[in-house]
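Please read the structure below before turning to the comments.
Structural data, given as structure tokens:
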């Protein structure tokens, strides 16, 4: 985690057990060299440009943060035990008009994508991040076509 | 629609019947004075900073656009006839790792919120939009507390 | 609404549009003569003994209130447009261990029952309320058996 | 289990296999020193102040008990084999108007929270329990913020 | 309703509002000339050979009756307001091993079919009912093939 | 399996892989000494009094059999791989008016209960089976109350 | 309906009430001039090259036809009353390995698409149909881009 | 894989991880000696007669291919991690009118059936494939009836 410079992204989670999912957001931000910080439950004093919030079950954290900030909030539904994250997804995405949370997929893919979407947002004013994103996409495309399934 | 200046936001939809939902994104952007354009199905040459894509049923448009652009894509699940938008929601939000779509609520609230999230993204480099967003939030809060339910 | 004496129950809702559902809690408390108050979104200074909180969609209000009070919180999932209250229900009931919300049925029946459960809680130290509850139940039973379906 | 003094809470379950879930209610009540008793299927002669009832699948026990008592009934949906507790949840929470069951989350978190909600109800007339609840909450908050996720 | 002779089938329902659905069971039994009785909530003294029980939401009636009788119990999930009878269906069909309820479709079709299944059960010892059932089936088949869709 | 005398119950299943579930119907019938036979997919020449049909996924067997016989058909939804038997349940229970299938719970409990319901149907004309059912119920009740959960 | 020449497509439905949906398959085939026939429930003697089968609820018709023919069977889930066609969809699409039904969307769109897929299948050996399909697609694309949403 | 002659069927998948499911389509085509090819994500230059496309989660591949070709497209919903393929199924089957995807079951059975449906489509002009299909069906039927479940 590049925590020394001013964090550009805050990764917040509802409980320590969400770390298993949210560390994939952390790793993706790390890979792109984006200064960020990771916290449990608290996002009050964060000066970050976008905020990534993950939670499971009756997942209120992303919406509560979104109601108290003007920066974009991205939500990650963490997979829950009984209902496999369907409860997390609906609790995050079905926000009333006025308080948006940009919601990603349930679980690991959602955590990775929240980081990538945060990087796309930051990329508007940071050409180096947009270049890294372009390179990442090109590499993804190559990986897909490199080897046949058998 | 403020279509004269370079559009900052592109609102794209999967079919004309999605307009009934997506016009709420258009109206919200209009209210904030954000130059934008609205199109059916085509987003190829759009130089917009964020893209709002709405679609219903097996809703591929947001994901397909997201795979072909580096700017943030926000998805609006349009309410479908039989399954009430649950199909639209899952088709948009459950993107694989690598191609994020920031997904909002099903239907009208989602269209309004996609516009507000686009404005929050633009606000990073446009203090006037962030100020308008702050004013909008304050007005919302006043409206909520102004009259008792009876 | 018996608002003059100190309110014993606070009825809180996420938005004014929830009133159509939550007024059934209000009417039930009125019928039992329980002093109470009804508010939108704010429950901070309420000295009530139990709190009834209703909300729809990504319904955070009951859980957020529950995290900030030691008195029992009862949640009413308001029926939402697209997903018919399934989102409201899961957002309220699936709270993590540590912060309970006693959740009732979706919609009108849930609002009535939240009031009745609040009355049962108050009844522990107010024999008159328990007597009224007993009478209400007896009347219900008579109504059921009074007339044949045809 | 503090079974010697008059039990303040009855924990009832639909079958012995529910014990794996309901023991978390038992342990939480134990931790707070609340006299209680645990039984399978029978709650008839219980003089408890609130009743916690857990069941899985077509889970009738909480509703049936609620129809025959004037004290608050709290329901715990036990996770079922095929439908992961969605059947248990709907069978408990969707009670008709007139017979409330305050329903908690599916599984272990619900059992813990049913105990905490019962303690909150008892706390109205027992300041020592309310104090313990306040201490428990403070400890929870400290635990959350004590260690960073990594 | 042929209520004079000893009723062979008891039709029981959870509330008067279930009559709109359950009257289709009544009408089907009437059409076959099967002595039966219709009641709300009470099935205690019924000497019927099979029992049809309809209920909606957290629908406990069929299972509770099944636990207290040795005759076959057939359950009809009545369509509920918010969840369209999915809650009713799961509350009736997901009975634990030991207490069977033979469950039919949600709503009107289920009420008709509960009556037809009751008639099939009675037909084992009443050749006239089995003959009527055979005639009914033949008539159904003719009706299906009688007219083309246009 | 008591296959020598004329089988009173036919247990039919959609594929050999359903046997893992349906053997619980077989064992229950065996325990009650009910002559029966078990077959895969074919029920044409069966002179049984009730038929138990189990199938998974798009589970057509119970409905297809019900359309071709006048004896009561009981359906057992076998748990499927992806959707955990929700598809099996809806494919069996949601029969149109005119062709009833009395449907039991998903999986093992449903197979046991189909056998018990078949026995209850047979019991109308066989007092010995009704007596065994009464004894079975009494034993169940004793087992429930015999040992405390701890 | 072009019923004079040998029908190339059979449109079969589970009940007359499915006609409201299935007539959209009929109209699409008519528009392309494809000889076809429409029937309720019976597909035995049909020499058609593909078969379109629509049904609702516990929808067995498509699977039963598929098990008895070697030509491609296309299934249309008709929207049902209570569960909005989710039951129809799962009953048709979740066929076991060995008996395929190519399933289309719930309701009208599915009926139109079943006809278009049948035409695509016929087009392999009938260049005129493939040409008509190409023209239809081009016209669709023009219609989409012809007028802006406002 | 018979890749030497011109491939008659293209098997396309959304990511390499779909191969675990889609190899069952490959094996079935192999068993029938149908020339085919398997690719990840790309189907542009494929001259195949039908196309089988498998994908999971927000599964856009089958619909995107269907929009760009006139040959029949068959979709296989790959089982996803959190929602067990319900998201994959709805993303593939709920296509709007105009662009059909013939959808098969979730997972392995769907992959096998997509191959069998492709073979049935090819069989219209290749009597040898139809003969092999007839033999396969006869063998299936024998296997089902060959051994009793015990």
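Chains as they are written, first to last, in the numbering used here: chain V, 38 to 187; chain G, 38 to 187; chain R, 38 to 187; chain S, 38 to 187; chain F, 38 to 187; chain W, 38 to 187; chain H, 38 to 187; chain E, 38 to 187.
Glycine included, every Cβ here is placed at the ideal spot set by N, Cα and C.
CA-to-CA distance, residue 86(G) to residue 171(V), given in whole angstroms: Numbered from its first residue, the first chain carries residue 171(V) at position 134. Numbered from its first residue, the second chain carries residue 86(G) at position 49. Answer to the nearest angstrom: the Cα atoms are 15 Å apart.
Environment of residue 178(W) [buried if 16+ CB atoms lie within 10 Å]: Position 141 of the sixth chain holds residue 178(W). Per the 10 Å Cβ criterion, exposed.
Residue 66(V) to residue 60(E) span [Cα, whole Å]: Mapped onto the first chain, residue 66(V) falls at position 29. Mapped onto the eighth chain, residue 60(E) falls at position 23. So the alpha carbons of these two residues sit roughly 35 Å apart.
Spatial neighbours of residue 160(R) in its chain, beta-carbon cut-off 7 Å, leaving aside the 5 residues before and after: Working through the third chain from its first residue, we reach residue 160(R) at position 123. Contacts found: 166, 167, 170.
Below-7 Å beta-carbon distance, residue 181(S) vs any chain V residue: The sequence position of residue 181(S) within the fourth chain is 144, counting from 1. For residue 181(S), at least one C-beta of chain V is nearer than 7 Å to its own C-beta.
Chain V contacts from the stretch 45 to 60 of chain R (Cβ-Cβ distance under 7 Å): The stretch 45 to 60 of chain R vs chain V, Cβ under 7 Å: 52.
Contained beta strand (DSSP E) runs [length at least 3] in the stretch 50 to 137 of chain R, N- to C-terminal order: Those beta strand (DSSP E) runs which fall completely within the stretch 50 to 137 of chain R and span 3+ residues are 73 to 77, 88 to 93, 110 to 115.
Sheet register partners of residue 16(R) (DSSP bridge): For residue 16(R) there is no data in the structure shown, the boundaries of chain R being 38 and 187.
Three CB pairs or more closer than 8 Å across the stretch 93 to 103 of chain F and the stretch 96 to 115 of chain W: no
Inter-residue spacing [alpha-carbon to alpha-carbon] between residue 56(V) and residue 64(V): Counted from its first residue, the first chain places residue 56(V) at position 19. Counted from its first residue, the first chain places residue 64(V) at position 27. Rounded to whole angstroms, residue 56(V) to residue 64(V) spans 11 Å at the Cα level.
Option nearest residue 118(H) by Cα separation, candidates 92(F), 125(F), 132(F), 146(F): Along the seventh chain, read from residue 1 onward, the residue named residue 118(H) stands at position 81. Residue 118(H) has its Cα closest to that of 146(F), out of 92(F), 125(F), 132(F), 146(F).
is_contact[residue 146(R), chain B] using C-beta, thresh 7 Å: The structure shown contains no chain B; its protein chains are V, G, R, S, F, W, H and E.
Amino acids of chain F, ordered along the chain, whose beta-carbon sits closer than 7 Å to that of residue 100(S): The residue you call residue 100(S) lines up with position 63 of the fourth chain. Simply 95, 97.
Rounded straight-line distance, which links the Cα of residue 50(H) to that of residue 49(W): In the sixth chain, residue 49(W) corresponds to position 12, counting from 1. In the seventh chain, residue 50(H) corresponds to position 13, counting from 1. If I take the Cα positions, the gap works out to 27 Å.
Contact with chain F by residue 149(H), beta-carbon distance below 7 Å: For the purposes of this step, residue 149(H) is taken as the residue at position 112 of the seventh chain. It does not: the Cβ of residue 149(H) has no partner Cβ on chain F nearer than 7 Å.
Backbone secondary structure at residue 139(E) - three-state DSSP: Counting from one through the eighth chain, the residue named residue 139(E) turns up at place 102. Three-state DSSP puts residue 139(E) in a strand.
8 Å Cβ shell around residue 136(V) - same chain, five flanking residues per side excluded: Working through the first chain from its first residue, we reach residue 136(V) at position 99. If we look at residue 136(V) and ignore the five residues flanking it on each side, its Cβ neighbours are 100, 103, 104.
7 Å Cβ cutoff, residue 157(E) in contact with chain H: Along the eighth chain, read from residue 1 onward, the residue named residue 157(E) stands at position 120. Yes, because at least one Cβ of chain H sits closer than 7 Å to the Cβ of residue 157(E).
Cβ separation of residue 18(F) and residue 52(S), assumed to be a contact under 8 Å, to the nearest whole Å: Within the shown structure, residues of chain F are numbered from 38 to 187, placing residue 18(F) beyond reach of any answer.
Pairwise C-alpha distance: residue 45(W) and residue 26(R): Missing from the structure shown is residue 26(R); chain R here goes from 38 to 187 and no further.
Beta carbon proximity, residue 128(H) to chain E, threshold 7 Å: One-based indexing of the seventh chain puts residue 128(H) at position 91. Judged by the 7 Å Cβ criterion, residue 128(H) is not in contact with chain E.
Own chain partners of residue 42(W) with C-beta closer than 6 Å, once the 5 adjacent residues on each side are dropped: Position 5 of the sixth chain, counted from the start, is the residue given in the question as residue 42(W). Answer for residue 42(W): 72, listed in chain order.
CB contact below 7 Å: residue 119(W) versus chain E: Counted from its first residue, the sixth chain places residue 119(W) at position 82. Taking Cβ atoms only, chain E reaches closer than 7 Å to residue 119(W), which makes this a yes.
Rounded C-alpha distance that separates residue 139(F) from residue 88(F): Start at 1 with the first residue of the fifth chain, and residue 139(F) comes out as number 102. Start at 1 with the first residue of the fifth chain, and residue 88(F) comes out as number 51. If you take the alpha carbons of residue 139(F) and residue 88(F), they lie about 10 Å apart.
Proximity test, Cβ basis, 7 Å: residue 136(F) and chain R: What you label residue 136(F) is simply residue 99 of the fifth chain in a count that begins at 1. No, its Cβ sits nowhere closer than 7 Å to a Cβ of chain R.
Backbone secondary structure at residue 147(G) - three-state DSSP: If you number the second chain from 1, residue 147(G) lands on position 110. Three-state result, residue 147(G): helix.
Cβ neighbour criterion (16 or more within 10 Å) applied to residue 40(R): Stepping through the third chain from its first residue, residue 40(R) is reached at position 3. The predicted position of residue 40(R) is uncertain, since its pLDDT is 47 and thus under 50; no value can be drawn from it.
Reduced DSSP secondary structure (H/G/I, E/B, other) of residue 42(E): Start at 1 with the first residue of the eighth chain, and residue 42(E) comes out as number 5. Looking at residue 42(E) - three-state DSSP - the assignment turns out to be coil, as it is neither helix nor strand.
Residue-chain proximity (residue 154(R), chain S), Cβ-Cβ < 7 Å: Looking up residue 154(R) in the third chain gives position 117. Residue 154(R) counts as touching chain S.
Sequence-distant residues of its chain with Cβ nearer than 6 Å to residue 78(H) (five each side left out): Counting from one through the seventh chain, the residue named residue 78(H) turns up at place 41. Contacts found: none.
Chain-order list of residues whose beta-carbon lies under 8 Å from that of residue 150(E) (same chain, five-residue window excluded): Sequence index remark: in the eighth chain, residue 150(E) carries index 113 (1-based). If we look at residue 150(E) and ignore the five residues flanking it on each side, its Cβ neighbours are 141, 142.
Within-7 Å CB hit, residue 122(H) to chain E: Taking the seventh chain and counting its residues from 1, the one referred to as residue 122(H) is at position 85. Among the residues facing chain E, residue 122(H) is not included, as its CB has no counterpart in that chain under 7 Å away.
Closer than 8 Å at the beta carbon, the chain G residues around residue 90(H): By 1-based counting over the seventh chain, the position of residue 90(H) is 53. In chain order: nothing, as chain G lies at least about 18 Å away.
Partners in chain H for residue 142(F), counting only beta-carbon separations shorter than 7 Å: Counting from one through the fifth chain, the residue named residue 142(F) turns up at place 105. The contacting residues are 94.
Neighbour-count burial assignment, residue 175(W), 16 or more Cβ in a 10 Å radius: Residue mapping note: residue 175(W) aligns to position 138 of the sixth chain, counting from 1. Its Cβ having fewer than 16 others within 10 Å, residue 175(W) is exposed.
Residue 163(F) in three-state terms, based on DSSP: Here residue 163(F) refers to the residue found at position 126 when the fifth chain is read from its first residue. In the structure shown, residue 163(F) falls within a coil segment according to DSSP collapsed to helix, strand and coil.
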